[in-house]
Amino acid sequence: MRINIEYRHESGFEKFFHKIATKTVAVMYDINTLPYALQIKAEMEKRGAKLLDVAYSDEELIPSEDKCEYAYEIAATADYVLAVGSGTLNDMAKSVATRRNIESGVLVTAASMDGYCSKGAALMRAGVKVTDEVRTPSDILIDLDIVCNAPRLMTAAGFGDIIGKYTCLTDWRMAHALKGEPIDEEAYALMEQARTACVNAFEDLTNHTGEAVAKLMDALITAGLSMAKCGNSRPASGSEHHQSHFLEMDFVRRGEKIPMHGLKVAIGTLVSIELYNYIKDNRITFNGAEKVYRLAEALPRVDTVRDMLVKMGCPVRFSEIGVRKETMEEMIDKAYTVRDRYTVLTLIHDLGLTEQIKPILMEKYY
Ligand SMILES: [Zn+2]
20 MRINIEYRHE SGFEKFFHKI ATKTVAVMYD INTLPYALQI KAEMEKRGAK
70 LLDVAYSDEE LIPSEDKCEY AYEIAATADY VLAVGSGTLN DMAKSVATRR
120 NIESGVLVTA ASMDGYCSKG AALMRAGVKV TDEVRTPSDI LIDLDIVCNA
170 PRLMTAAGFG DIIGKYTCLT DWRMAHALKG EPIDEEAYAL MEQARTACVN
220 AFEDLTNHTG EAVAKLMDAL ITAGLSMAKC GNSRPASGSE HHQSHFLEMD
270 FVRRGEKIPM HGLKVAIGTL VSIELYNYIK DNRITFNGAE KVYRLAEALP
320 RVDTVRDMLV KMGCPVRFSE IGVRKETMEE MIDKAYTVRD RYTVLTLIHD
370 LGLTEQIKPI LMEKYY
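For the sequence shown, the residue numbers in this note's numbering are 20 to 385.
Here's what the structure looks like:
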């Protein structure tokens, strides 16, 4: 299905408003997104839509069975579900809409992560995080005034998610060079261009200008589109994401608050660049090593990336986001097992370099 990605114009979201004019729309929001929900509800009502409220009073909404069931019940007579929020509310809306066999959409409230148009919904079931396969939303509505006003750390997390596209694309090239994994060049180029445009707008992004935030938003959405294009998450997820997933599972196991996705990915990116540099600088020899050295050379300097993250307000050590020391050590050992996908973490493991590189990573990133 083609996703309608619509930026707000003076007249609002024309295409979307036209579509829902005769529909009953269940609008999902929490206490943080309430003001934006009120605004768009008024606009939809003016266009003739019937509205149902799925209001949560939570400040930190957990996508549990109860919370999803509440939305599912209210949406019984709806023919469209609109989330007003970012990751959690969008995932819940996608899930409810898929179960009800109706369409969903999202009014984006933060450029915080790249899952807006993904086919996955991260939910909690019996206290365990699960990722359900769901239908992608039909409409992604972006009001830059709202997104520019999001908490700074959310935008920083979105930037961290995009910075991670350096290492995930490099991992993909490496898996191609060493293991013959196919590359979808079109999906690769899409992601690379959007990432570069976003990073080029970095200075303006630190000032949260509309134009720069739009570039970030575009890169986050492109990640979803390029994944959909090639049918897997290679264009948007590599070793930096595997580190993030590994840590996330530990936070969930402990019942602790999970730091934002992009913040974990950002530090994971620094670690992954460090791994590439280690192989290159120490001239580690193996079959295909020259190709890996060249890939490492094409990556940005680790100091440059770290400086950008700091300027955006991203933490640059795992200790800063509540990761335990032993968890990070375990992550260096095992994060390559999170997915059956060849990355620099797998290479380091295969070369038997894990133990010698661990103290260096702990010193720099814990
Ligand atoms: Zn991501």
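Heads up, the beta-carbon is just placed ideally off N, CA and C, and yes, glycines get one too.
Nearest candidate by alpha-carbon position, reference residue i, set the options
i    : options                   : result
I292 : Y312, E222 and E88        : Y312
E316 : Y297, M279 and M331       : Y297
V127 : A112, L370 and P278       : A112
Q58  : R27, N109, K86 and T356   : R27
D322 : L364, I240, Y384 and D110 : Y384
L294 : M193, D151 and S338       : M193
Y99  : G124, C136 and S252       : G124
G257 : L209, R302, V218 and D180 : D180
P156 : G177, G146, V103 and H195 : V103
N168 : H227, S114 and L188       : H227
K138 : A130, A116, I50 and T356  : A116
V271 : T365, V153 and V342       : V342
P378 : T241, V363, I351 and P201 : I351
D237 : A94, S338 and A129        : A129
Rounded C-alpha distance that separates residue i from residue j
i    : j    : result
C333 : A175 : 6 Å
M47  : S105 : 11 Å
T304 : D223 : 42 Å
G307 : S263 : 28 Å
L163 : R214 : 19 Å
T107 : D133 : 12 Å
L380 : V290 : 7 Å
H37  : E29  : 15 Å
P170 : D203 : 35 Å
R320 : D85  : 46 Å
G67  : E348 : 57 Å
T186 : L197 : 16 Å
R118 : Y91  : 8 Å
R358 : A206 : 20 Å
E62  : E88  : 27 Å
G243 : C136 : 5 Å
S76  : R154 : 26 Å
A145 : M173 : 27 Å
H260 : R336 : 16 Å
I376 : I121 : 50 Å
D72  : H195 : 49 Å
T241 : M210 : 6 Å
Heavy atom of ligand 1 within 7 Å of residue i beta-carbon
i    : result
D237 : no
V284 : yes
S256 : yes
H260 : yes
G183 : yes
D133 : yes
H280 : yes
D190 : no
I49  : Residue identity differs from the one stated: residue 49 is Asp in this sequence, not Ile. No, the Cβ of D49 stays beyond 7 Å of every heavy atom of ligand 1.
D110 : no
D223 : no
D164 : no
D180 : yes
Range of the contiguous beta strand (DSSP E) that encloses residue i
i    : result
G274 : Note, G274: premise wrong, no beta strand (DSSP E); not H, not E.
L101 : Y99 to G104
Cβ-Cβ separation, residue j to residue i (assumed contact under 8 Å), whole Å
i    : j    : result
I165 : Y55  : 6 Å
I142 : D110 : Looking at the sequence itself, residue 142 is Leu, so the reference to Ile does not match. Right, the Cβ-Cβ distance comes to about 6 Å (below 8 Å), so this counts as a contact.
A45  : A97  : 4 Å
A233 : K184 : About 17 Å separates the two Cβ atoms, so there is no contact after all.
Where the alpha helix (DSSP H) through residue i begins and ends
i    : result
Y295 : H280 to D300
A308 : A308 to A317
T128 : Where T128 is concerned, there is no enclosing alpha helix (DSSP H), given that its DSSP letter is neither H nor E.
L364 : V363 to D369
R144 : Taken as a continuous stretch (DSSP letters only), R144 belongs to no alpha helix (DSSP H), being part of the beta strand (DSSP E) at G139 to R144.
Proximity test, residue i beta-carbon vs ligand 2 heavy atom, cut-off 7 Å
i    : result
Y185 : No copy of ligand 2 occurs in the structure displayed; its ligands are ligand 1 alone.
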